[in-house]
Every structure is written in C-alpha cells, then in structure tokens.
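Before any comments, here is the structure.
Written out as structure tokens, the structure reads:
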C-alpha cells in the first residue's frame, strides 16, 4: 500500500473512533435527559396531587363559610359585637 492510502485509512479509523466516542457521549446524555424528564414527570404528578387536595379544602372552607353565614342571616349586630349562631 502506498503511504497515501495508509494515511487515508488511518484518518478514516480516527474518524470512526471519534464518531463512536461521540455516539457514546450522546447515549449517555440521552439517558441523563430521560432521568431528568422522569423526575419532572414525578414532580408534576405530586404538584397536581397537592393542587387537587387544596381545591378540595378550598371547597370545604367555602361551604363552611356559606353554612356559618346562612346560620347568622337575619341577625343584626352592633359594631364590635360578634354574631351569635342560632341553636336549633
């Protein structure tokens, strides 16, 4: 083989090795990104769960306030006086 052919073959081998290294690095980064994505999906599901729980509490507080308010409808109070809840 001529020196030119050997030089080209060696260069192609170097390119092949570099492409393999790049491929390995990309696979590694891809796996890291998959892990990050999985973590974000986990956090998102927890945030959604907390949001749903807070919505339930908001509705309960709303209906409690509504119930207390309807129990005191019709009563008048003087300034500084707290309304009395009617006992049934």
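In our numbering, the protein residues as written are -12 to 75. Built from N, CA and C at the ideal position, the CB exists for glycine as well.
So what's residue i in DSSP terms, helix, strand or just coil?
i: residue -11; result: coil
Would you report the Cα separation of residue i and residue j, rounded to the nearest angstrom?
i: residue 13; j: residue 28; result: 22 Å
i: residue -5; j: residue 10; result: 22 Å
i: residue 54; j: residue 47; result: 10 Å
i: residue 35; j: residue 19; result: 24 Å
i: residue 16; j: residue 56; result: 59 Å
i: residue 42; j: residue 5; result: 55 Å
Please list, in chain order, all residues of the same chain as residue i whose beta carbon is under 6 Å from its beta carbon, the five residues on each side excluded.
i: residue 33; result: none
i: residue 49; result: none
Excluding sequence positions up to five away, which residues of its chain have a Cβ less than 8 Å from the Cβ of residue i?
i: residue 51; result: none
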